[in-house]
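In my numbering, the protein residues as written are 17 to 290.
For each residue, glycine too, the CB sits at the ideal point set by N, CA and C.
The next block holds one structure in the form of structure tokens; read it before the comments.
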């Protein structure tokens with residue numbers, strides 16, 4: 017049971033970074049966002065998709081995202097989860113709330129060009145194991161403990177004369193430490209209700225390549241994240257203020273879960289761009 021719970025507490029550690037689809041922000045421009053997200057779960061999906069109950073688990077994360085335009089086509093990207101905090105209501109309550117730094121992602125996106133109304137870009141991201149994969153004996157890990165990388169091809173376009181937009185991204189997701197690689201994907205459809213309000217629908221996820229377990233290293237509880245699979249869907253609301261400031265709220269639910277805790281996630285962010 018203890019090893020099963022370790023898998024549940026890896027939830028959220030593998031979410032690929034993606035904020036703006038294939039559009040470049042332009043030379044000398046930047047987009048930054050300070051975000052907080054909360055997730056609660058009392059169920060865990062096993063490798064075959066069977067769901068069973070676990071003690072109530074909550075996770076609270078705070079992270080900083082930055083996109084910086086170094087040219088009209090190239091954007092540097094970084095995501096820093098500077099606080100990952102989780103609490104498992106086990107009985108007896110041996111585990112207290114634990115907080116630590118998370119795994120850091122960095123990379124770049126290159127805008128490739130257009131074909132008709134479609135814009136294309138590629139993005140490569142590297143995730144460094146800066147988190148603590150051994151926290152609480154691995155049960156409240158704040159990192160995967162391995163190097164990970166993602167490469168995606170994205171395509172997007174505006175619709176209805178610029179009132180709406182949509183994009184799709186897909187590409188391989190690589191994991192070190194003998195853990196199984198996968199396929200990451202994301203799509204978003206958005207609509208400008210006004211010059212200051214945007215609503216959007218999202219679908220994103222990670223699909224493992226193989227059903228055969230990977231080569232896990234030793235007795236590491238991190239290995240239980242091997243083969244994690246999920247889809248996340250939900251809406252977003254963006255409100256833009258003056259001076260480049262804005263706020264964003266997201267809600268996500270999971271589907272097609274494997275080796276991950278189920279449950280909904282709320283996310284709130286304060287952004288600034290220029």
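Among the bridge pairs identified by DSSP, residue 77 is matched with 53, 100.
Taken in chain order, the whole beta strand (DSSP E) runs of length 3 or more contained in the segment 141-220 are 164-175, 180-191, 198-210. Around the beta-carbon of residue 148, 16 or more other beta-carbon atoms lie within 10 Å, marking it buried.
Excluding sequence positions up to five before and after residue 229, its CB lies within less than 7 angstroms of the CB of 242, 243, all in the same chain and listed in chain order. In the three-state reduction of the DSSP assignment, residue 260 falls in the helix class. The alpha-carbon of residue 250 is positioned some 15 angstroms away from that of residue 182.
Here residue 290 has 45, 46, 260 as same chain residues with Cβ atoms under 8 angstroms from its own Cβ, once five neighbours each way along the sequence are excluded. Annotation for residue 137: 38, 125, 126, 127, 128, 170 place their beta carbon closer than 7 angstroms to its own, counting only its chain and skipping 5 residues before and after. For residue 105, there is no enclosing beta strand (DSSP E), as DSSP gives it neither H nor E. Distance from the CA atom of residue 254 to the CA atom of residue 198, rounded to whole angstroms, is 30 angstroms. Following the DSSP letters along the chain, one finds residue 280 inside the beta strand (DSSP E) bounded by residues 280-289.
Between the alpha carbons of residue 200 and residue 120 lies a gap of roughly 18 angstroms. Straight across, the Cα-Cα distance linking residue 284 with residue 130 is about 33 angstroms. For residue 67, the CB contacts under 6 angstroms within the same chain, skipping 5 residues up- and downstream, are 59, 61 in chain order. Judged by DSSP in its simplified three-state form, residue 241 adopts helix.
According to the DSSP secondary-structure assignment, residue 95 is paired through a beta bridge with 81, 121.
Nearest Cα to residue 190 within the set 203, 175, 166: 166. For residue 211 and residue 161, the gap between their C-alpha atoms comes out near 43 angstroms.
Under DSSP, the beta-bridge partners assigned to residue 248 are 220, 270. Here residue 98 is not near residue 158, since their CB atoms are 8 angstroms or more apart. Pairing residue 221 with residue 279, the inter-Cα distance amounts to about 15 angstroms. Take residue 134, set aside five residues on each side of it, and the residues of its chain with a beta-carbon closer than 8 angstroms to its own are 171, 172, 173, in chain order.
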